[in-house]
Amino acid sequence: MMKGLKKWRLFGLLAALTIFLSGCGEEYLSTLTPGGTVAKEQYKLLLLTSVIMLLVIIVVVIIYVLVIVKFRRKKVGENTIPKQVEGSHILEIIWTAIPIVLLLIIAVPTVSLTYELADTKAMEAKDENGNATAVTVNVTAKLYWWEFEYPEQGIITAQELVVPTGEKVYFNLKAADVKHSFWIPAIGGKLDTNVDNINTFYLTFDKESDSLKDGVFYGKCAELCGPSHALMDFKVKTLSKDNFDTWVKNMQATKGKKADKNSTDLGEQVFANSCISCHAVSGEGTAAIYPNLATFGDRNRVAGFIEHSEEGIKDWIKNSQKLKPGNLMPVEKDLNKGKEFTDEELDALAAYLMGLSVEK
């Protein structure tokens, strides 16, 4: 009876595991559904190595089972010793040569693809007017958020990377504090961001993200970096080339935009008296200590993981350290000169932030 129960437990475990793994193929998040040329090449390499490993496992299991069946004690008796093959030159050559061949089959495309993906010379290419021909993004990883600067366009944003489809997009990766790792699972493998040096690589984005479940690809930090590492997400919005150019122009058009302390909008007043010392609302600019909020109303999440709504904003302002331990967001009283915001101020501030948009 107990043996039967154990078998059913195993079956239940396998069934639950199957259901769990069925969620690993989401197009916006999974390496198993590649959304760009780089990801597709890496996926092919993953399939190649997996097939070879599976082949090795199958051969070993077959030999193992055959030996058990052929030389089981009931069949050959207690004192029978199978023929010994120790020292056989033929067998030694076979089980030395086969692993070498398999390793070469894996190594050649792996090394070739590694060098191909590391070639970023086109990042420096200029047209006849001296303008860069490729889109380059300076990515800076910080505790616990991401900054995206477009040096050629003179714009900057945070938490949501916006890129064109159908071309190589080049990245300069660095960290502002500790080691992080930049990873967009559906678009390409991860690459570390370091404090002392800049890593460069490129990715390609084959489709526009508006058809995806949340309208974005998901990006993550893939290097343990502190207590809120698991919450260090970012989103990637992919646009056609024309729509990307329009987005850039809209960002550049925010030049000089500032929150006014004397505004008739209470939310803008509150922002100008509390948040403006840390956050900019103009998309044109350079690297900053804290996230740029010019596109806050266009984002997919608050702080990378909270529902993008006025309620989510208010919850973040009041409980930022509880929700994302170790981040540099000041507590509510430090923001508001030692006092908590009133409900009216919070409502107005949340509405103002949701209105910061270059797409609407």
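Counting in the UniProt record's numbering, the sequence shown runs from 1 upward without gaps. For each residue, glycine too, the CB sits at the ideal point set by N, CA and C.
Which residues share a DSSP beta bridge with residue i?
| i | result |
| --- | --- |
| PRO164 | LEU239 |
| ARG301 | GLU307 |
| GLU284 | ILE155 |
| VAL169 | VAL135 and LEU203 |
| THR140 | GLU147 and LYS174 |
| GLY188 | ILE184 |
| residue 361 | Outside the displayed span of the chain (1 to 360) sits residue 361, for which this structure offers no information. |
List the endpoints of the continuous alpha helix (DSSP H) containing residue i.
| i | result |
| --- | --- |
| SER320 | 310 to 323 |
| VAL61 | 37 to 70 |
| PHE271 | 266 to 274 |
| residue 385 | Any question about residue 385 goes unanswered here, given that the chain covers just 1 to 360. |
| ALA259 | Careful: ALA259 lies outside any alpha helix (DSSP H) and carries neither H nor E. |
| MET354 | 343 to 354 |
| LEU335 | 332 to 335 |
| LYS75 | 73 to 76 |
Where does the unbroken beta strand (DSSP E) through residue i begin, and where does it stop?
| i | result |
| --- | --- |
| PHE182 | 180 to 184 |
| TYR150 | 145 to 150 |
Give the C-beta separation of residue i and residue j to the nearest angstrom, bearing in mind that I take them to be a contact with Cβ-Cβ under 8 angstroms.
| i | j | result |
| --- | --- | --- |
| PHE217 | GLY35 | 7 angstroms |
| THR264 | ILE156 | About 29 angstroms; that fails the 8 angstroms criterion. |
| THR37 | THR165 | Going by Cβ atoms, the distance from THR37 to THR165 rounds to 11 angstroms, so no, they are not a contact pair. |
| LYS314 | GLU332 | Contact doesn't hold; Cβ gap of about 10 angstroms is too wide. |
| LEU335 | CYS275 | 7 angstroms |
| GLY25 | LEU14 | With a Cβ gap of about 18 angstroms, GLY25 and LEU14 do not count as contacting. |
Is the Cβ-Cβ distance between residue i and residue j less than 9 angstroms?
| i | j | result |
| --- | --- | --- |
| CYS221 | PHE171 | no |
| LYS174 | ALA134 | no |
| PHE201 | LEU117 | yes |
| TYR28 | LEU212 | yes |
| LYS257 | VAL281 | yes |
| ILE187 | ALA348 | no |
| TRP145 | GLY297 | no |
| LYS235 | ASP214 | yes |
| HIS308 | MET232 | no |
| GLY226 | ASN250 | no |
| THR246 | SER209 | no |
| PRO99 | LEU48 | no |
| PRO291 | ALA158 | yes |
| THR193 | VAL139 | yes |
| LEU45 | LEU102 | no |
| LEU293 | LEU353 | yes |
| GLN252 | GLN153 | yes |
| ILE52 | ILE106 | yes |
| ALA259 | GLU310 | no |
| SER228 | LEU143 | yes |
| ALA122 | LYS168 | yes |
| GLY130 | PRO185 | no |
| THR295 | VAL248 | no |
| LEU191 | ASN197 | no |
| ALA176 | VAL195 | yes |
Considering only heavy atoms of the ligand HEM, does any lie closer than 8 angstroms to the CB of residue i?
| i | result |
| --- | --- |
| SER263 | The ligand HEM is not part of this structure, which contains no ligands at all. |
- Message: So within the stretch 194 to 240, which uninterrupted beta strand (DSSP E) runs reach at least 3 residues, ignoring any that extend past its ends?
- Response: Runs of the beta strand (DSSP E) inside the stretch 194 to 240: 199 to 204, 217 to 221 and 233 to 239.
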